[in-house]
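Residue numbers (the numbering used here): 37 to 430.
In this text, a Cβ means the ideal position worked out from N, Cα and C, and glycines have one as well.
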Ligand code: DI6
Ligand code: FE
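What follows is the structure, encoded as structure tokens:
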């Protein structure tokens, strides 16, 4: 006896690709996918006739900085007048201005400001999200952010994974060595101790941290059982992608300035390339990530919002999916894999989410749409007809 049996659906499990529809029925037990393609008259406590609608895994937004306070409208005006992201950061704006707002906010306030952003993602069919810290840049505030991230699933039916990004920017008033030592020796052990993060991340960039920092962080993180992710090659190529891949990173993210050696390293080490067209768009970048090389080397590509107040105030994965096609030339198939299966892998959760195969969480949406390639075509106005999270309609 299944808990739920969905019948008459066009199911794309996204295990290997988007089409054609693999089955018409999906059975759920204990919040997990129990089986696909069982007879429509199999016994179940609840049945749902999907009336021929599309059934896709819930979308996974595998890279966000969605927990923050305030906004950065003022610097956006400067940026529109020609200031670069690096100029703004050097002038004490950028990440550091959000740091001030986050330090001043309580944990409850951070949750309250973040929930509407997640709610927007939720209504678009997102069932899992990764959220990074990195707007605290001191022990207490980094812990406050991570505790708030850990608390979010109590308020919204969404899978939330937490990433410690203490190495996001230099803390105001502190030198590089002093601050990075604090990240390694004080913050990282405290985060691991309280089990506040699933992974660690670092912004490898001339305005942030070095490849040597990446190496030291990766070594410490591995000892503490934390997975590694890295922001690399967003504004310049410092060699971070190659090194992060060699160090076993789950993903390298941004990659606008990556070259073939970087891509080959990702391929060798099974690192996911996370592409972030929202930041590319909002920064009016010209340099695109090397999609053709990623394809040729068969590096799995994920697509995420990078939702953050400075470079991607875009609380819409569907919009970013559309951008991935128009701006980066990803195919409909790549975009769908990039927001399901490959996104789950970038988060280190591919055994649990991102595809609808027996044993994985029953996170899925029904869409009253003709075919899954519609997400690359139509911009705006797309909403799931029904959304299930761990087998429950939400
Ligand atoms: N790269 C980004 O695009 C975000 N963080 C990073 O390392 C920007 C975060 C911000 O500007 O608030
Ligand atoms: Fe980011």
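C-alpha gap between residue i and residue j, whole angstroms
i, j, result
"residue 159", "residue 305", "35 Å"
"residue 379", "residue 352", "15 Å"
"residue 185", "residue 205", "19 Å"
"residue 361", "residue 221", "42 Å"
"residue 383", "residue 210", "31 Å"
"residue 372", "residue 214", "43 Å"
"residue 104", "residue 345", "8 Å"
"residue 287", "residue 375", "14 Å"
"residue 315", "residue 59", "37 Å"
"residue 203", "residue 265", "11 Å"
"residue 199", "residue 267", "12 Å"
"residue 124", "residue 240", "18 Å"
"residue 61", "residue 247", "49 Å"
"residue 132", "residue 88", "50 Å"
"residue 193", "residue 94", "12 Å"
"residue 136", "residue 386", "35 Å"
"residue 377", "residue 195", "15 Å"
"residue 331", "residue 144", "43 Å"
"residue 74", "residue 92", "17 Å"
"residue 270", "residue 422", "36 Å"
"residue 301", "residue 82", "48 Å"
"residue 217", "residue 275", "22 Å"
"residue 251", "residue 355", "35 Å"
"residue 391", "residue 174", "37 Å"
"residue 400", "residue 191", "19 Å"
Same chain only: Cβ atoms within 7 Å of residue i, ignoring 5 sequence neighbours per side
i, result
"residue 57", "46, 47 and 48"
"residue 70", "38, 63, 64 and 394"
"residue 317", "359 and 363"
"residue 5", "For residue 5 there is no data in the structure shown, the boundaries of the chain being 37 and 430."
"residue 370", "337"
"residue 329", "296 and 299"
"residue 157", "97, 165, 351 and 353"
"residue 343", "100, 101, 102, 153, 350 and 351"
"residue 308", "286, 287, 336, 338, 378, 381 and 382"
Span of the beta strand (DSSP E), counted from its first residue to its last, around residue i
i, result
"residue 78", "Neither: residue 78 is in no beta strand (DSSP E) and is coded neither H nor E."
"residue 223", "No beta strand (DSSP E) holds residue 223; DSSP gives it neither H nor E."
"residue 133", "Per DSSP, residue 133 belongs to no beta strand (DSSP E); it is in the alpha helix (DSSP H), 131 to 140."
"residue 93", "90 to 93"
"residue 168", "162 to 168"
"residue 147", "From DSSP, residue 147 is part of no beta strand (DSSP E) but of the alpha helix (DSSP H) over 143 to 159."
"residue 263", "263 to 268"
"residue 425", "422 to 425"
"residue 238", "235 to 238"
Buried/exposed call for residue i, threshold 16 Cβ in 10 Å
i, result
"residue 127", "exposed"
"residue 140", "exposed"
"residue 52", "exposed"
"residue 170", "buried"
"residue 116", "exposed"
"residue 212", "exposed"
"residue 414", "exposed"
"residue 432", "Lying before the first or after the last residue shown, residue 432 is absent from the chain, which here runs from 37 to 430."
"residue 263", "buried"
"residue 396", "buried"
"residue 152", "exposed"
"residue 189", "exposed"
"residue 242", "exposed"
"residue 290", "buried"
"residue 108", "buried"
"residue 348", "buried"
"residue 381", "buried"
"residue 120", "exposed"
"residue 417", "exposed"
Endpoints, the alpha helix (DSSP H) within which residue i is located
i, result
"residue 195", "Residue 195 -> not in any alpha helix (DSSP H); beta strand (DSSP E) instead, spanning 195 to 203."
"residue 305", "296 to 305"
"residue 287", "No alpha helix (DSSP H) contains residue 287, which is instead part of the beta strand (DSSP E) from 287 to 290."
"residue 315", "313 to 318"
"residue 122", "121 to 126"
"residue 281", "276 to 282"
"residue 412", "410 to 413"
"residue 327", "327 to 332"
"residue 356", "353 to 362"
Cβ neighbours of residue i in the same chain (closer than 8 Å, five flanking residues each side left out)
i, result
"residue 470", "Because the chain in this structure spans residues 37 to 430, residue 470 falls outside the shown range and cannot be described."
Close beta carbons around residue i, own chain, < 6 Å, minus the five adjacent residues each side
i, result
"residue 366", "360"
"residue 368", "409 and 412"
"residue 208", "132"
TODO: Taking 8 Å as the threshold, find out whether the segment 57 to 67 comes into contact with the segment 411 to 429 through three or more Cβ pairs.
DONE: yes
TODO: Report yes or no: do the segment 69 to 83 and the segment 110 to 125 share at least 3 C-beta pairs separated by less than 8 Å?
DONE: no
TODO: State whether the segment 163 to 175 contacts the segment 97 to 109, with contact taken as three or more CB pairs (one from each stretch) at a distance under 8 Å.
DONE: These segments touch.
- [ ] Decide yes or no for the touch test of the segment 222 to 229 against the segment 177 to 196: beta carbon pairs closer than 8 Å, at least 3 of them.
- [x] yes
Task: Cβ pair count under 8 Å reaching 3, the segment 405 to 425 against the segment 146 to 153 - done: These segments do not touch.
Task: Inter-stretch contact (C-beta, 8 Å, three-pair minimum) for the segment 258 to 270 and the segment 280 to 293 - done: Touching, yes.
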